[in-house]
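**Student:** Protein chains in written order, with the numbering used here: chain A, 191 to 411; chain B, 191 to 411.
Structure incoming, see below.
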DNA sequence: ATTTCCCTAAAAATCGATTTTTTTATCAAT
DNA sequence: ATTGATAAAAAAATCGATTTTTAGGGAAAT
C-alpha cells in the first residue's frame, strides 16, 4: 500500500488549499486577473477541479468572480482593512468572553500546547510559514471553547482576510516579539479568567497588526 | 436582439441561485444526499456548471461536502438553530446601532419603501414567496447603512441559515401579523433614531421566529 | 451464524474537446 | 486624429466521455 501525499483527498480540495494559502500570503498581485490555464499547469490539475476551487474561493471571499470574465484577486483597500479589523476585534472579543465562561481544563491544555508551539516557532525567525501556522492555531485555540461554530467560522474567515493585508508588510522582528509577548500574556489572563483584561489586550493585539498593515496598505497603491 | 431570460448570466450562477432558493425553502429533506444526475436534469444544466454551483453552496454553508462522497443537505439540529439565532441577534443589533448612527435621508427613504412593499405583500397571504422576498429586503434596508460590508455579508449568510429553519414551520397568519406590526414599529424607531428601543424590539422580533422554528425543529426528527 | 474478502454496479471526480463570450487588433469613414 | 464597425484571437464556460472511488451483495472461511 502506497501512501501518496494526497491520500483520501480530491484534487479539487488540494488546489483549494494551495490557492487559498497563496492568496493569503500574497503570491498574486492585488487586483490581478487570474490566468486559468497558467494556474492549471502551476498546480498540476485539470480544468474542472481548478474551476471548482476557484468557485469555492470566490464564495469564501478570497476571489472576485465577474460575470463572464473569470476570476480576479480583490483589490487592497484601506477602507476594507479597517472594516475587517474592526469587525474582527468585535467578534473575537465576543468569542473570548464566551470561551472564558465555557472553557474547561481541556481548553486550558490545548491553549498551553498551542502557546508552546508558538514560542518554539518564534525561535526560528527564518521559518515564517511555521510561525504563521502556529500563530493561526494559537488564536483558534484561544477562542475554540466559545461554543458557537458559526462565530468561529466567521472569525476564521475574517482572520484569513486580515492576514492578506497583514502579510503585505515585511517581516519585522521587533513587532513579532511584541506580539508574542502579548500571546503569552493572553494565556495568563485566560488561565486567570480575567475577561476584562484579556479583551483589552486582544483589542491592543489586533490594533498593532492593524496599524502595521495600515501603513503598508496606504503606501502600496 | 433577443433578450433571453438569462441575459448576461452564466448557467453556473443561475443554478446557484435556484438551488440556494430551493435549499432555503426546504425543497430537499434535511440530511439528504443530493443525486447529481437528477439535479442536472431538473435544473436543465450540464455537469460542470452544476458542480461549480454545488461547490459555492458548500463554501457558503448551505451544503456539506464529504470527501469523495458528493454533497449532502445539512441536518437540522436544535443546537445549531440556537447558535444561528443567538449570533444573528448579536450581529444585527451591532449593525442596527451603526445604521442608526450613519443612516442618512436616503437610508430613511429606502427603509420606508421597503416597509411599504412588505405591507403590500402582507395583503396577499397566498403569495408566500413575494412576502419572503419583501421581508428579506426590509431587513437588508434596515441595516444597510451600517457601513460594514463584511458585517452585512455575515448577517445575510446567517439570515439564509435562519430561514432554512424558520421555513420548516407551516405558514401562520397570526404570527405573521405580529411580525409585520414589529416591522412597522421598527421603522418608527429608526426614524426616531431610538437605538435602545429598536435593539430591544429587534431582539424580540428574532426571538419570536426563533421560538416558532424551535418548536418545529424539536418535533421534526 | 458471523466475519472477511472480492466482485459488480453506481456515483463522483476528472479530463479533453467544443461552444460561447469577451478582448484585442484592424481598417474604413467622418 | 477620433470614432465606429468588423474580424481575428484569446479566454471563459460548458459539454460529453473517461477514470477513479465508493457502496452493496454474495461467496468462502472461520
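All C-beta atoms in this analysis are idealised placements derived from N, C-alpha and C, irrespective of residue type, glycine included.
Remember, it's a predicted structure, so these values are computed and weren't measured experimentally.
Anything in chain B within Cβ reach of residue 246 of chain A, meaning under 8 Å, just list it in chain order.
**Tutor:** Position 56 of the first chain holds residue 246 of chain A. Chain B residues near residue 246 of chain A: 245, 246, 248, 249.
**Student:** Take residue 299 of chain A as the anchor and find which of A/321, A/388, A/311, A/334 has the nearest alpha-carbon.
**Tutor:** Within the first chain, residue 299 of chain A is the residue found at index 109, counting from 1. Of A/321, A/388, A/311, A/334, the residue nearest in Cα terms is A/334.
**Student:** Can you give me the Cβ contacts of residue 321 of chain A inside the same chain, cut-off strictly under 6 Å, excluding the 5 residues immediately before and after it?
**Tutor:** Here the question's residue 321 of chain A lines up with position 131 in the first chain. Cβ-Cβ distances below 6 Å link residue 321 of chain A to 311 in the same chain, with the five nearest sequence neighbours on each side left out; the list follows chain order.
**Student:** Using a beta-carbon distance below 8 Å, is residue 350 of chain B in contact with chain A?
**Tutor:** The residue labelled residue 350 of chain B in the question sits at position 160 within the second chain. False, the Cβ-Cβ gap to chain A never drops below 8 Å.
**Student:** Of the choices B/224, B/268, B/330, whose alpha-carbon is the least far from that of residue 373 of chain B?
**Tutor:** The residue you call residue 373 of chain B lines up with position 183 of the second chain. Taking only the C-alpha atoms, the option nearest residue 373 of chain B is B/330.
**Student:** Starting from residue 344 of chain B, find everything on chain A with Cβ-Cβ shorter than 7 Å and list it in chain order.
**Tutor:** As a first step, residue 344 of chain B is located in the second chain; it is residue number 154 there, counting from the start. The contacting residues are 344.
**Student:** Is the Cβ-Cβ distance between residue 273 of chain A and residue 203 of chain B less than 8 Å?
**Tutor:** Locating residue 273 of chain A in the first chain gives position 83, where the first residue counts as 1. Locating residue 203 of chain B in the second chain gives position 13, where the first residue counts as 1. No, the Cβ-Cβ distance between residue 273 of chain A and residue 203 of chain B is not below 8 Å.
**Student:** For residue 259 of chain A, count neighbouring Cβ atoms within 10 angstroms of its own Cβ and tell me buried if that reaches 16, exposed if not.
**Tutor:** Translated into the one-based positions of the first chain, residue 259 of chain A becomes position 69. Residue 259 of chain A should be labelled exposed.
**Student:** Which residues in chain B sit within 8 Å of residue 238 of chain A, going by Cβ to Cβ distance?
**Tutor:** Looking up residue 238 of chain A in the first chain gives position 48. Neighbours of residue 238 of chain A on chain B, chain order: 238, 241.
**Student:** At the level of alpha carbons, what is the spacing between residue 237 of chain A and residue 208 of chain B?
**Tutor:** Reading the first chain from its first residue, position 47 is the one you call residue 237 of chain A. Reading the second chain from its first residue, position 18 is the one you call residue 208 of chain B. Cα to Cα, the separation comes out at about 24 Å.
**Student:** Expressed to the nearest angstrom, what Euclidean distance is found between the alpha-carbon atoms of residue 254 of chain A and residue 286 of chain B?
**Tutor:** Along the first chain, one-based indexing puts residue 254 of chain A at 64. Along the second chain, one-based indexing puts residue 286 of chain B at 96. Each residue's Cα considered, the two are about 27 Å apart.
**Student:** Given this structure, state the Cα-to-Cα distance separating residue 227 of chain A from residue 390 of chain B, to the nearest angstrom.
**Tutor:** Taking the first chain and counting its residues from 1, one reaches residue 227 of chain A at position 37. Taking the second chain and counting its residues from 1, one reaches residue 390 of chain B at position 200. Roughly 53 Å between the two C-alpha positions.
**Student:** Please list the partners that residue 339 of chain B has in chain A, where partner means a Cβ-to-Cβ separation under 8 Å.
**Tutor:** The residue you call residue 339 of chain B lines up with position 149 of the second chain. 270, 273, listed in chain order.
**Student:** Taking C-alpha atoms, which residue in A/201, A/250, A/381, A/222 lies nearest to residue 350 of chain A?
**Tutor:** Here residue 350 of chain A refers to the residue found at position 160 when the first chain is read from its first residue. Ranking A/201, A/250, A/381, A/222 by Cα distance to residue 350 of chain A puts A/250 first.
**Student:** Can you pull the chain B residues whose beta carbon is under 8 Å from the beta carbon of residue 200 of chain A, in chain order?
**Tutor:** On the first chain, position 10 is the one that residue 200 of chain A refers to. Near residue 200 of chain A (Cβ distances below 8 Å), the residues of chain B are 257, 258.
**Student:** If you follow the alpha helix (DSSP H) that residue 223 of chain A is part of, which residue opens it and which one closes it?
**Tutor:** In the first chain, the residue the question calls residue 223 of chain A occupies position 33. That residue, residue 223 of chain A, is in no alpha helix (DSSP H); it is neither H nor E in DSSP.
**Student:** Roughly how many whole angstroms lie between the Cα atoms of residue 196 of chain B and residue 213 of chain B?
**Tutor:** Taking the first residue of the second chain as position 1, residue 196 of chain B is located at position 6. Taking the first residue of the second chain as position 1, residue 213 of chain B is located at position 23. Any answer about residue 196 of chain B is weak, because its pLDDT of 45 lies below 50 and its placement is not dependable; what the coordinates show is given next. Rounded to the nearest angstrom, the two C-alpha atoms are 21 Å apart.
**Student:** Along the segment 275-301 of chain B, where does the CB come closer than 8 Å to a CB of chain A? Name the residues.
**Tutor:** Flagged, chain order: 276, 277, 280, 284.
**Student:** Would you verify that the beta carbon of residue 402 of chain B is, or is not, closer than 8 Å to some beta carbon of chain A?
**Tutor:** Walking along the second chain from the start, residue 402 of chain B turns up at place 212. Cβ-Cβ to chain A under 8 Å: no for residue 402 of chain B.
**Student:** Taking C-beta to C-beta, are residue 348 of chain B and residue 277 of chain B nearer than 8 Å?
**Tutor:** The residue given as residue 348 of chain B occupies position 158 in the second chain. The residue given as residue 277 of chain B occupies position 87 in the second chain. Their beta carbons are under 8 Å apart, which means residue 348 of chain B touches residue 277 of chain B by this criterion.
**Student:** Using CA coordinates, which residue listed in B/353, B/327, B/200, B/218 is at the minimum distance from residue 401 of chain B?
**Tutor:** The sequence position of residue 401 of chain B within the second chain is 211, counting from 1. Ranking B/353, B/327, B/200, B/218 by Cα distance to residue 401 of chain B puts B/353 first.
**Student:** Across which residues does DSSP place residue 371 of chain B in a beta bridge pair?
**Tutor:** As a working note, residue 371 of chain B is residue 181 in the second chain. DSSP lists no partner for residue 371 of chain B.
**Student:** Which of helix, strand or coil does DSSP assign to residue 314 of chain B?
**Tutor:** As a working note, residue 314 of chain B is residue 124 in the second chain. In this structure, residue 314 of chain B counts as coil in the three-state DSSP scheme.
**Student:** From the DSSP output, read off the bridge partner residues of residue 261 of chain B.
**Tutor:** Sequence index remark: in the second chain, residue 261 of chain B carries index 71 (1-based). BP columns for residue 261 of chain B point to B/255.
**Student:** For residue 239 of chain A, count the other beta carbons within 10 Å of its own beta carbon; 16 or more makes it buried, fewer makes it exposed. Which is it?
**Tutor:** As a working note, residue 239 of chain A is residue 49 in the first chain. The residue is buried, with at least 16 neighbouring Cβ atoms inside 10 Å.
**Student:** According to DSSP, is residue 200 of chain A helix, strand or coil?
**Tutor:** The residue you call residue 200 of chain A lines up with position 10 of the first chain. Secondary structure at residue 200 of chain A: coil, using DSSP grouped into helix, strand and coil.
**Student:** Beta carbon of residue 282 of chain A, beta carbon of residue 379 of chain A: below 8 Å?
**Tutor:** Along the first chain, one-based indexing puts residue 282 of chain A at 92. Along the first chain, one-based indexing puts residue 379 of chain A at 189. For residue 282 of chain A and residue 379 of chain A, no; Cβs fall outside 8 Å.
**Student:** Express the C-alpha separation of residue 355 of chain B and residue 325 of chain B in angstroms, rounding to a whole number.
**Tutor:** The count along the second chain starts at 1 and reaches residue 325 of chain B at position 135. The count along the second chain starts at 1 and reaches residue 355 of chain B at position 165. Going from the Cα of residue 325 of chain B to the Cα of residue 355 of chain B covers about 16 Å.
**Student:** Go ahead and label residue 247 of chain A buried or exposed: buried means 16 or more other beta carbons lie within 10 angstroms of its beta carbon, across all protein chains shown.
**Tutor:** Translated into positions along the first chain, residue 247 of chain A becomes position 57. Buried: at least 16 other Cβ atoms inside 10 Å.
**Student:** Name the two residues that bound the continuous alpha helix (DSSP H) containing residue 405 of chain B.
**Tutor:** By one-based count along the second chain, residue 405 of chain B stands at place 215. Looking at the DSSP string, the run of the alpha helix (DSSP H) that includes residue 405 of chain B is 385-409.
**Student:** Taking C-alpha atoms, which residue in A/206, A/264, A/233 lies nearest to residue 216 of chain A?
**Tutor:** Taking the first residue of the first chain as 1, we reach residue 216 of chain A at position 26. Ranking A/206, A/264, A/233 by Cα distance to residue 216 of chain A puts A/264 first.
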